[in-house]
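Peer 1: Numbering (mature numbering (1 follows the signal peptide of the UniProt record, and there is no 0)), first residue to last: -25 to -1, 1 to 417. Ideal Cβ placement from N, Cα and C applies to all residues, glycine included. Computed from a prediction, not measured in an experiment: that's the story for all the values here.
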Amino acid sequence: MGNISILKPILLVFLLFLLPHISIANSTPRYMAVDNVPLNCGYAGNTTDMDNRMWIGDMEPSKFAPIEERNQKSITSKAQSQDSYVETVPYMTARLSYSQFTYVFPVTSGPKFVRLYFYADSYSGFDGSLAFFTVKANSKFTLLRNFSASILANYLGGSKRLSKEFCINVEEDQNLNLTFIPTPSTASSRFFAFVNGIEIVSMPTYLYYSSPENPSPPYVGQNVQFSIDNYRALEMILRLNMGGSSISSKGDTGMFREWSQDSPYLLSGGVIPRQPDLTLKYSVIPNYTAPDDVYRSAITMGPNITWNLLSNLTWGLPVDPGFYYMVRLHFCEIEPSITMAGERPFIIYIDKKKAESTADVIMWSGGRDTPVFQDYVVLIQKMGVEDHKSTLFIALHPGKATNAIYDAILNGVEVFKLSDSNNNLAGPNPASTLLPSSPPAQ
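1) Report, in whole angstroms, the separation of the C-beta atoms of T275 and P311, which I expect to be a contact under 8 Å.
2) So G244 packs on C16, CB below 8 Å; how close in whole Å?
3) Helix, strand or coil for L400 per DSSP?
4) Hey, how far is the Cα of R70 from the Cα of N404?
5) Just the C-alpha distance for F155 and Y73, rounded to the nearest angstrom, thanks.
6) Excluding sequence positions up to five away, which residues of its chain have a Cβ less than 8 Å from the Cβ of G229?
7) With respect to the beta strand (DSSP E) encompassing L354, which residues constitute its N-terminal and C-terminal limits?
8) Would you decide whether I42 is buried or exposed? Buried here means 16 or more other CB atoms lie within 10 Å of its CB.
9) Compare the beta carbon distance of D395 and F298 with 8 Å and say whether it is the shorter of the two.
10) On a Cα-Cα basis, can you pick out the residue from M338, F169, A330 that is closest to V352?
11) Compute the Euclidean distance between the alpha carbons of R207 and N378, then round it to the nearest angstrom.
12) Beta strand (DSSP E) containing T63: first to last residue?
13) Below 8 Å, how does it come out for the stretch 93 to 109 and the stretch 183 to 195: are there three or more Cβ pairs, yes or no?
14) Tell me whether the beta-carbon of F108 lies closer than 8 Å to the beta-carbon of F166.
15) Indicate the three-state DSSP secondary structure (helix, strand or coil) for V269 in the structure shown.
16) Please specify which runs of the beta strand (DSSP E), each continuous and at least 3 residues long, are wholly inside the stretch 90 to 138, giving them in chain order.
17) For a quick check, are the C-beta atoms of residue 428 and L385 less than 8 Å apart?
18) Can you name, in chain order, every residue of its own chain whose Cβ lies under 6 Å from the Cβ of N21, other than the five neighbours on each side?
19) Quick check: the stretch 334 to 347 against the stretch 280 to 300, are there 3 or more CB pairs under 8 Å?
20) State buried or exposed for N150, treating a residue as buried only when at least 16 other CB atoms are found within 10 Å of its CB.
21) Any heavy atom of the ligand MN closer than 7 Å to the Cβ of L71?
22) Nearest by alpha-carbon distance to N11: which of M178, L209, M217 is it?
23) On the three-state DSSP scale, how would you describe T3?
24) Here's the rule I'm using: 16 or more other beta-carbon atoms within 10 Å means buried, otherwise exposed. How should L285 be labelled?
25) Could you tell me whether the Cβ atoms of P251 and D227 are closer together than 8 Å?
26) Here's the rule I'm using: 16 or more other beta-carbon atoms within 10 Å means buried, otherwise exposed. How should V199 be labelled?
27) Please report how far the alpha carbon of S272 lies from the alpha carbon of P346, in whole angstroms.
28) Taking the DSSP output, what are the residues bridged to P86?
29) Kindly indicate which residue of R214, F231, P157 has the alpha-carbon position closest to the one of P13.
30) Could you tell me the alpha carbon to alpha carbon distance between Y184 and G85, rounded to whole angstroms?
31) What three-state label does DSSP hand M301 in the structure shown?
32) Could you give the distance in angstroms between the alpha-carbon of K357 and the alpha-carbon of D326?
33) State the start and end residues of the unbroken alpha helix (DSSP H) segment that holds M338.
34) On a Cα-Cα basis, can you pick out the residue from K48, Y94, N46 that is closest to Y60?
35) Who does S238 pair with in a DSSP beta bridge?
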């Protein structure tokens, strides 16, 4: 009995020591960005957004005040109106100028997210319809050219709240410079540049760029691999949570990415399995790759085998023609009835070309509840001079096997445009409103 009394306090101390470690092991560590600069343009001092994140103002004496041409100073202004669904930070103040201005960000080397925020409105002395400008990064990459927030807002259905996200690698001993250049004015129109917010956030080195230790993504339709080297810049086109709700930047894994619902792009019927309390097993990919909720929901075809064999799960995504795109498909087998490889094989088509003959999530991941992703590169051909937008189709079709249930599954999608040989990412302004396209026949 005496020995047991002595052991009790020792056991208690051991458990108190162990509990924090148990808690850490069961939680998903977020990625901690080395560089994290949210800049609220046209604002003096610091302020917080709806998620209580601190944004830094760019007005003097801010260390992020822009560099401008002598005697060609920009101005700051509040937007003339605010839609009810639009956050004040960073959308309600802006920096505007008829001359070019440059922001300089002293950052560490490595790949960075660069996010530009625009509110398509008029400002004091500035008619929003006359905002046409180019944005360059480090005098190398053209991110936007003759960009019009007003035209884009109309194309997207009237939402004035706009953002653009890019991935740019910064070399050793190099700053990250962003230059805003108004389109040359005409006799009748004086064009200007503006920006409401800028965000610079570090990312893991090989989150999207190719790792020398892993195979590069396959080039769809060609029997070769396509390396996404860090001398390229990337533009995020869409980031979708299949079957789930949208995920705000606060709900991301530490990189402040936003994930949208897939329903506006889904061109076929589907069934939505959800496992909201599922504990995921990150044994194949890092747990910062995507939020847990991306893998806890999915789109499947459903139990009707006859219908499934006659149809596809299809999404249509609007893209600029004439560029290569990296398509990342996120998978996690979350349905309890699927336990083994070979039970849900399916075919993947990207841009109407076969990207995978036998996709099998459990074969890739090694088991249920285990997230995994697959990357592909596709070229979207430009068909004509006035070809402003194309549709990138992603389609899944059941595969045939002895124990197959004749179904397909997809949890998430990310699509990135790759800079071309001229270091350009800019496409033309859209010509008309966004209209859904019909799915292709396979």
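Peer 2: This is what the structure holds:
1) Counted from its first residue, the sequence shown places residue 275 at position 300. Counted from its first residue, the sequence shown places residue 311 at position 336. At roughly 13 Å, the Cβ-Cβ gap does not stay under 8 Å, so T275 and P311 are not in contact.
2) As a first step, residue 244 is located in the sequence shown; it is residue number 269 there, counting from the start. As a first step, residue 16 is located in the sequence shown; it is residue number 41 there, counting from the start. Between C16 and G244 the Cβ distance is about 44 Å, and since that is not below 8 Å, they are no contact.
3) Counting from one through the sequence shown, the residue named residue 400 turns up at place 425. Three-state DSSP puts L400 in coil, outside helix and strand.
4) Here residue 70 corresponds to residue number 95 of the sequence shown, with the count starting at 1. Here residue 404 corresponds to residue number 429 of the sequence shown, with the count starting at 1. When the Cα atoms are used, R70 and N404 turn out to be separated by approximately 22 Å.
5) Position 180 of the sequence shown, counted from the first residue, corresponds to residue 155. Position 98 of the sequence shown, counted from the first residue, corresponds to residue 73. Rounded to the nearest angstrom, the two C-alpha atoms are 10 Å apart.
6) For the purposes of this step, residue 229 is identified with residue 254 of the sequence shown, where counting begins at 1. Here the set comprises R5, Y6, M7, A8, Y263.
7) Residue 354 sits at position 379 when you count from the first residue of the sequence shown. From DSSP, the beta strand (DSSP E) with L354 extends over 347 to 355.
8) Along the sequence shown, one-based indexing puts residue 42 at 67. When all chains shown are included, I42 counts as exposed.
9) The sequence position of residue 395 within the sequence shown is 420, counting from 1. The sequence position of residue 298 within the sequence shown is 323, counting from 1. Contact flag set, yes.
10) One-based indexing of the sequence shown puts residue 352 at position 377. V352 has its Cα closest to that of A330, out of M338, F169, A330.
11) Start at 1 with the first residue of the sequence shown, and residue 207 comes out as number 232. Start at 1 with the first residue of the sequence shown, and residue 378 comes out as number 403. One C-alpha to the other measures close to 43 Å.
12) Here residue 63 is taken as the residue at index 88 of the sequence shown, counted from 1. According to the DSSP assignment, T63 belongs to no beta strand (DSSP E) but to the alpha helix (DSSP H) extending over 63 to 66.
13) no
14) Along the sequence shown, read from residue 1 onward, the residue named residue 108 stands at position 133. Along the sequence shown, read from residue 1 onward, the residue named residue 166 stands at position 191. Yes, these two residues count as a Cβ contact at 8 Å.
15) Residue 269 sits at position 294 when you count from the first residue of the sequence shown. Three-state result, V269: helix.
16) 108 to 112, 116 to 122
17) Since the first residue of the chain shown is -25 and the last is 417, residue 428 is not available in this structure.
18) Position 46 of the sequence shown, counting from 1, holds the residue named residue 21. Taken in chain order, the residues that qualify are M29, I31.
19) no
20) Translated into positions along the sequence shown, residue 150 becomes position 175. When all chains shown are included, N150 counts as exposed.
21) The ligand MN is not part of this structure, which contains no ligands at all.
22) Here residue 11 is taken as the residue at index 36 of the sequence shown, counted from 1. When each option's Cα is compared against that of N11, the closest is M178.
23) Here the question's residue 3 lines up with position 28 in the sequence shown. Low local confidence applies: a pLDDT of 46 at T3 is under 50, so the model's placement there is unreliable, with the coordinate-based value given in what follows. Coil, per DSSP.
24) The residue you call residue 285 lines up with position 310 of the sequence shown. It counts as exposed.
25) For the purposes of this step, residue 251 is taken as the residue at position 276 of the sequence shown. For the purposes of this step, residue 227 is taken as the residue at position 252 of the sequence shown. No, the Cβ-Cβ distance between P251 and D227 is not below 8 Å.
26) Numbered from 1 along the sequence shown, position 224 holds the residue referred to as residue 199. So V199 ends up on the exposed side.
27) For the purposes of this step, residue 272 is identified with residue 297 of the sequence shown, where counting begins at 1. For the purposes of this step, residue 346 is identified with residue 371 of the sequence shown, where counting begins at 1. A straight line joining the alpha-carbon of S272 with that of P346 spans about 11 Å.
28) As a position in the sequence shown, residue 86 is number 111, starting the count at 1. In the DSSP output, where bridge partners are listed per residue, P86 has N144.
29) For this step, residue 13 is matched to residue 38 along the sequence shown. Nearest of R214, F231, P157 to P13, Cα basis: F231.
30) Walking along the sequence shown from the start, residue 184 turns up at place 209. Walking along the sequence shown from the start, residue 85 turns up at place 110. In a straight line, the C-alpha of Y184 is about 11 Å away from that of G85.
31) On the sequence shown, residue 301 is found 326 positions in, with the first residue counted as 1. Strand, per DSSP.
32) Here the question's residue 357 lines up with position 382 in the sequence shown. Here the question's residue 326 lines up with position 351 in the sequence shown. Answer to the nearest angstrom: the Cα atoms are 13 Å apart.
33) Translated into positions along the sequence shown, residue 338 becomes position 363. 336 to 340 is the span of the alpha helix (DSSP H), which, as asked, contains M338.
34) By 1-based counting over the sequence shown, the position of residue 60 is 85. Nearest C-alpha to Y60: Y94.
35) Within the sequence shown, numbered from 1, the residue matching residue 238 stands at position 263. Partner(s): none; S238 has no beta bridge.
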